[in-house]
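For the record, the sequence lines run as chains A and B. Every letter in the first sequence is one number past the one before it in the working numbering, and letter 271, counting from 1, is 1092. Every letter in the second sequence is one number past the one before it in the working numbering, and letter 193, counting from 1, is 1014. We put the beta carbon where it would ideally sit given N, CA and C, even for glycine.
There are 2 protein chains.
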Amino acid sequence: MEKFFYAHSVAVVGVSEDPDNLAQGIVNNLLEFGYQGKIFLVGRRPGTTFGLPIFAGLADLPEPVDLAAILTPAPSVPALVEQCGRLGISRVVVESGGFSELGEAGRALEDKVRALLTKYRLRLVGPNGLGLVNMEIGLALPFSHMRPKPRRGNISILAQSGGVGMHLLAWMAREGLGLNKFLSLGNKLNVGENEVLDYLLKDPGTAAIYLYLEGMQDGRELLRLAQGSAKPIFLHQPNVGPETAAIARSHTASLSSDETVLDAACRQGGILRVRSQGEFLVGAKLAAQPPVKGNRLVVLSRSGGEAVITAYACRQWGFELPALSPRLVQLIEQRARSGVIRPTNPIDLGDIFDFSVYSEVAAALCRDPEVDAILINYGPLGESERDGAREAIRAIIATAKEAEKPLAISVVCTLDEEDYLRESLNFPVFHFPGEAVRALAYSRFFARRPSLRLFDTPAPLFQAKEAAAVLSAAPGGDFLPLPRALAFTAALGITTAPWQAAATPAAAAAAAASLGYPVVLKLSAPGLVHKTEVGGVLLNLKGTKAVTAGFAELSSLAREHVPPGEPWEVLVMAQAAAGREILLGARRDQAFGPVVVFGAGGVETEVLEDVALRIAPINEAEARALIAETKIGLVLAGVRGLPPADLKALGRALVTLSQAMVQFPQVQEVDLNPVRVFPGSPGLLALDARVRVG
Amino acid sequence: MEKFFYAHSVAVVGVSEDPDNLAQGIVNNLLEFGYQGKIFLVGRRPGTTFGLPIFAGLADLPEPVDLAAILTPAPSVPALVEQCGRLGISRVVVESGGFSELGEAGRALEDKVRALLTKYRLRLVGPNGLGLVNMEIGLALPFSHMRPKPRRGNISILAQSGGVGMHLLAWMAREGLGLNKFLSLGNKLNVGENEVLDYLLKDPGTAAIYLYLEGMQDGRELLRLAQGSAKPIFLHQPNVGPETAAIARSHTASLSSDETVLDAACRQGGILRVRSQGEFLVGAKLAAQPPVKGNRLVVLSRSGGEAVITAYACRQWGFELPALSPRLVQLIEQRARSGVIRPTNPIDLGDIFDFSVYSEVAAALCRDPEVDAILINYGPLGESERDGAREAIRAIIATAKEAEKPLAISVVCTLDEEDYLRESLNFPVFHFPGEAVRALAYSRFFARRPSLRLFDTPAPLFQAKEAAAVLSAAPGGDFLPLPRALAFTAALGITTAPWQAAATPAAAAAAAASLGYPVVLKLSAPGLVHKTEVGGVLLNLKGTKAVTAGFAELSSLAREHVPPGEPWEVLVMAQAAAGREILLGARRDQAFGPVVVFGAGGVETEVLEDVALRIAPINEAEARALIAETKIGLVLAGVRGLPPADLKALGRALVTLSQAMVQFPQVQEVDLNPVRVFPGSPGLLALDARVRVG
């Protein structure tokens, strides 16, 4: 990526003298941003534009170039890429659209280009994107207008959509947020998000990253990269459902993600998932500030009302407003006109007209190790106060910087002070104090990101050989027969209710007698996944007569529902004692690989929607956290008068399941539901199991 | 209020020649806003400022005035108010602070002023506020700077905090949102929010209202006013918890609200509760648009990425993106370069460079009755496109207005177009499409506000006489003894499990025999509210021996926990069949009066937090909606294989409870928990009851 972002010379391909020529926009941006390298123009017809000659072909350039930026009709791109290969131009940016996002013909063009990249060992950004920007050297390759012009700073933007990226750059400029590097991924034919992310995480110029994606190349790798860095990553991935799937496919040929998995992955990776550009713009305002390491916020406010709003935001975002230290109380009481100010937190300085009180109080807060962050809501109420107010805010910014104390500022009443802070002091300012609290919470999220690495896998908790044997003996494809699914579950060390298979009514009765009444009969057949729905589960059978009758019932059900020739069998299972029901599950996500699921089980699963999940594998601490995320988990931890469930056994079951998903890639899905849980031994008992392999 | 907002002349009291004089700010604003009435200045020392003479007293003014705006130290205010009374100045605005928000001395000053208001029949806005503004006549009484200056429009602002109000006015101006009237309530000594709200709801100049409150005078009345009007009300009330309580008390002497009650009240009143100023600014951008009556949104986007983001927002906010009509598909296919555009919704026009396609498609959408709202994401990619793009957007705005179709616009890439729309077309523009979708959802909320009036009370469902008798016979104060609480419950028509009181072990055994085993024994004593915690409930007693032993156990418990001399008794209750447990409750909210609560019951109540509530009274439809808001309600409606509970009986119980709370103001709290529910008859059985009167 270095050679892309720090190219010494650029050839812009697709330029003409026509005033509507889009590639002129690239040239215009390079000139306007003061690109420090050499610029060469290439077009079909020789000519001049921006005072630069247009060469008829890449081969005609007077010297070799580092990078070619191509904006020509899609069908012409393969030949141009081939030319780059021949001429040793190893970095290519293609901004043209008309590739895989438009279907078969475009996909074929991409295949052609891909082959050329391999042949000539080239790297390509795009197609169907807006190229890249490096503010450090004025390299600005987008063909579209950039108004207002980006400022240089420490935030880098990686966007699959050029339009979204450009729009964000404009807003960053307006909000006083400085840009370091920008890259528009487009169709990700060659360069993908993980490669660029890896580069930006190591890039000294980049302090925080915004990542807009419509699809994920390899979510697991993205997680690994994020876990290996302390830089804040804001991920904006809106393509997570049927609403967005079609438009995202036609826009950047991307597949949608599962939102619950995406959220879990972000939490595990210490990535902040934003749901809008606005959320990022708020969070980015603290990119130049030290991280917020704790919960203790002190608020200084010129407006009592804004102080109340700030306190509400603290409630929303989980900040404490600790009582002020006695020294600070004394300071405020000395300096305030008697009785006007109460030394609460938020500190309402609404009736203080001497702004040096602000700077003195803020300075004391900066020195206080018990304060994790400071929020100031400042503003002069009239012209006469302005100079004093500005002097105070300058002093506060300097003091906080020196003390390395996180500082967020919002203004009150007049917006002139917003402009002053942003434009004259280069200090991004929050429009409202609630936004400042939100940004402080984001910073705290990054400061507290989990130290656990996903791939620090603990030693397996189960006998892998036994589980492997069960799987290998299984017929390929789709769902395992119930006996085998139960055997797999047992091999993972998860106790199942005792059961026996029975081929005849008499065998069923014998099995029931040996298991002890009451029993449950279950019909098992390969195609019969939802056996409860068709009446394939008979509960609470109490005696030989009920069991033989039940067997007959299931036999006739089998004749009705199981295709002729397909095997079926009847399982006799000891009926478990009453207890709460949970589900333990696992599946494979297209982007993030294996995930493990915990939640409320039984017939209410769908209605309660009380489930949580993690990217696998997990360790026991993570499993306990997963359990505690659900309501059923809180109930199982023990409520008034009721003993807690065996959470340790539950946690181990989840860890095992997560490890098995990593160990056995052929297992697509595990669904143990219901699993009944008990305070004593056994802590849990799986009553049913669905395991899909393939 | 009319006389406040349309005063023909104003005396500004507290003016001096001193450049730091705050009251000069009022004069400055009146002049700057072009006040159409007469301005008189009053101060302790005669002089001149802004070319106007300063009179030494209100009595010295050359003619009577409609309104006095006072900004002098608090102790001087009562004498000034008295002067107003004597001079017949019936409208007074006090901007000075130093009253009840600062404690006892200030409260005494307010009492003095209050007496004068009664004596002279004056009306007063404030104190401790920023007065009021009426853009229609240039009446601008705040003493603080207003930068940028408000524009005239159709939104009115009613704010308890002057600072919050001023800050919002500045942002409205920056966002292109026009102000009609503003009033800062301050301490609400005389004029409160309901009176002003009532006025603004009837005010022809006001189309939408933002209401910032830190405490509520009379929430029930506010609800009644809101339900009687079709105007959108955005309520910002952040003082809802311990975090905000202290600062709000010292700021405007306000008491905090219960957040769950506030949320329920807003839903019932069709009031949109906003949690930040930003949410209001987003919603207000559609104040000049027709209401969004349905769910069907069509999105036209210049950027594919912004289209994906828009579709995600539709997922968040519950909008459908219906398929385009065949006519529209045909139109797009004809006009688009072949193959470049797929006629999906969102429509990605990213590669259309002819902006007349936008206006044609938008015009077709405006004519389509199947489209409830249109969202356009527009923007030229370069200078050459600008004129065409602007022409198109002007045409679209005009067409939508004519067709009365709600239209939201966001821009892409360059922010110049935001400025153009806002400044040249006076059309508020959304910064990001997600904000536009949010605003459309707000508009839909208002369009769908419930037609039910809270006070359209249905006929009582219970025998009021019987319930009244139970209550009247009860000793005053605190919790009713359990037998009486159960009798009250039964009088409301809510079946309780059969029970008998027993004074001796033998009587208990006899009661148990007559009720049928198993039984439950409960210890009842006035001070013993949480009897389960101390072991005062014995479950599942199966026989005489167990009952007599249980009686002995509860007797010794009573000796331990019940103070000597206080009565206690033992209740024998038939043990109910197993079933799901719910809670039915009611209490009185300080702002909104009686509320009724439904939720998951039993020992898990606190952990599950699965409750919902309504302001009482409610009818059966509302009760069913209340039940359906909880998870337990969904479970009771019937899940896979299980029969539904008797929701009709549940609904009736809630209606009854809500009616009883209205009928019997002495009932402070009712807590029926657990109530066991069954599919058959009786649909529900209250097993315990706590009723607090006072």
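Using a C-beta cutoff of 8 angstroms, does residue i count as contacting chain A?
i       : result
B:V1233 : yes
B:C1087 : no
B:W1138 : no
B:Y1133 : yes
B:F876  : no
B:G1382 : Note on residue identity: the sequence assigns His, not Gly, to residue 1382 of chain B. Answer no: the Cβ-Cβ gap between B:H1382 and chain A never drops below 8 angstroms.
B:G1400 : no
B:E853  : no
B:R866  : no
B:R995  : yes
B:V1061 : yes
When burial is assigned at 16 or more other CB atoms within 10 Å of the CB, is residue i buried or exposed?
i       : result
A:V886  : buried
A:S1075 : buried
A:L1360 : exposed
A:F1413 : buried
A:S1071 : buried
B:E922  : buried
B:K940  : exposed
B:V913  : buried
A:H1516 : The structure shown does not extend to residue 1516 of chain A, since chain A is modelled only from 822 through 1515, so no value can be given for it.
B:F871  : exposed
For residue i, does the three-state DSSP call read helix, strand or coil?
i       : result
A:K1008 : Here the sequence assigns Asn to residue 1008 of chain A, which means Lys is not the residue at that position. Residue state, collapsed to three classes: coil.
B:H1351 : coil
A:D881  : helix
A:Q1489 : strand
B:F876  : strand
A:A1280 : coil
A:I1054 : strand
B:Q845  : helix
B:M1037 : coil
A:R1259 : helix
B:M993  : helix
A:A1407 : strand
At a Cβ threshold of 8 angstroms, is residue i touching chain B?
i       : result
A:M987  : yes
A:A991  : yes
A:F1253 : yes
A:T1369 : no
A:N1494 : no
A:I1130 : yes
(message) With three or more beta-carbon pairs closer than 8 angstroms as the criterion, would you say the segment 1426-1433 of chain A touches the segment 1445-1453 of chain A?
(response) Yes: the two stretches touch, three or more of their Cβ pairs being nearer than 8 angstroms.
(message) Any C-beta of chain A within less than 8 angstroms: which residues of the segment 1024-1045 of chain B qualify?
(response) Of all residues in the segment 1024-1045 of chain B, the ones placed with a Cβ closer than 8 angstroms to any Cβ belonging to chain A are Y1033 and E1035, in chain order.
(message) Across the segment 1240-1255 of chain A and the segment 1088-1099 of chain A, are there enough close Cβ pairs to call them in contact, namely three or more that are closer than 8 angstroms?
(response) No, the segment 1240-1255 of chain A is not in contact with the segment 1088-1099 of chain A.
(message) Tell me which residues of the segment 1070-1103 of chain B have at least one Cβ-Cβ distance to chain A shorter than 8 angstroms, keeping chain order.
(response) Per Cβ criterion, the list reads S1071, H1072, T1073, R1096, S1097, Q1098 and G1099.
(message) Quick check: the segment 1058-1070 of chain B against the segment 1128-1143 of chain A, are at least 3 beta-carbon pairs closer than 8 angstroms?
(response) Touching, yes, given that three or more Cβ pairs across the two stretches are closer than 8 angstroms.
(request) Quick one: which residues of the segment 943-969 of chain A get their C-beta closer than 8 angstroms to a C-beta of chain B? List them in chain order. (result) Result list: F964, S965, H966, M967, R968 and P969.
(request) Report the residues of the segment 1174-1185 of chain A with a CB closer than 9 angstroms to any CB of chain B, ordered along the chain. (result) Those residues of the segment 1174-1185 of chain A that come within reach of chain B (Cβ to Cβ, closer than 9 angstroms) are F1174.
(message) Pairs of beta-carbons, one from the segment 1474-1493 of chain B and one from the segment 1375-1391 of chain B, closer than 8 angstroms: are there three or more?
(response) Touching, no.
(request) Indicate whether the contact test is met: 3 or more Cβ pairs, each with one atom in the segment 948-960 of chain B and one in the segment 919-935 of chain B, closer than 8 angstroms. (result) They touch, by the three-pair rule.
(message) Using a Cβ-Cβ cutoff of 7 angstroms, what residues of the segment 911-941 of chain B are near chain A? List them in chain order.
(response) Correct list: G918 and L923.
(message) Does the structure place the segment 985-1000 of chain A close enough to the segment 1015-1022 of chain A that three or more beta carbon pairs sit under 8 angstroms?
(response) With a cut-off of 8 angstroms, the segment 985-1000 of chain A and the segment 1015-1022 of chain A do not count as touching, because too few Cβ pairs lie within range.
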